[in-house]
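Take a look at the structure set out below.
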Amino acid sequence: MRRTRALGRAVCVGLLVSGPVLAAGTDSATGSLATIERQLDSIDRLAAASEQLPEDRGRYHFDYLRLHADVARIRTGLHDYLSPPRAQPRDSADLLGDYREPVEPAQAQP
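Below, the structure is given as structure tokens:
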């Protein structure tokens, strides 16, 4: 539970910090997107460190694979925007978003 909260706080702080950067205007859009890319790197590092902590014994556990997949997807979109090889195609695939998985009763300990 502490890992999930810590990771959630890190994501929220990253989003709060990026808000004013994005509101600065389109003149610095490339710089803002590069900042977001660095923040995604930080989220990946925090998630990787959190994965190494002992597993919480609860009803749900955090799905780090989905988080890493979504962060990679966002990073790919930013990279494609910052350095498009040609006309910018739209990617219609959705993010997964649901990071909680129920723990099987046999795995859950009282």
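Residue numbers -23 to -1, 1 to 87, in mature numbering (1 follows the signal peptide of the UniProt record, and there is no 0), belong to the letters of the sequence shown in order. Ideal Cβ positions, reconstructed from N, Cα and C, are used throughout, including at glycine.
Buried versus exposed call for residue i [16 or more other C-beta atoms within 10 Å across all chains shown]
i, result
"H38", "buried"
"L44", "buried"
"Q29", "exposed"
Coarse secondary structure for residue i, derived from DSSP in three states
i, result
"R22", "helix"
"R34", "coil"
"E28", "helix"
"E78", "strand"
Residue from the options whose Cα sits closest to the Cα of residue i
i, options, result
"L10", "D57, A25, A26 and L42", "D57"
"R50", "D21, T12 and E81", "D21"
"R67", "T53, I13 and E32", "T53"
"D18", "A46, D71 and L73", "A46"
"L42", "G35, D33 and S27", "S27"
"V80", "L59, A24, A70 and G35", "G35"
"Y76", "D40, L59 and S69", "D40"
Runs of alpha helix (DSSP H) lying entirely within the region 35 to 61, each at least 4 residues, in chain order: 41 to 59
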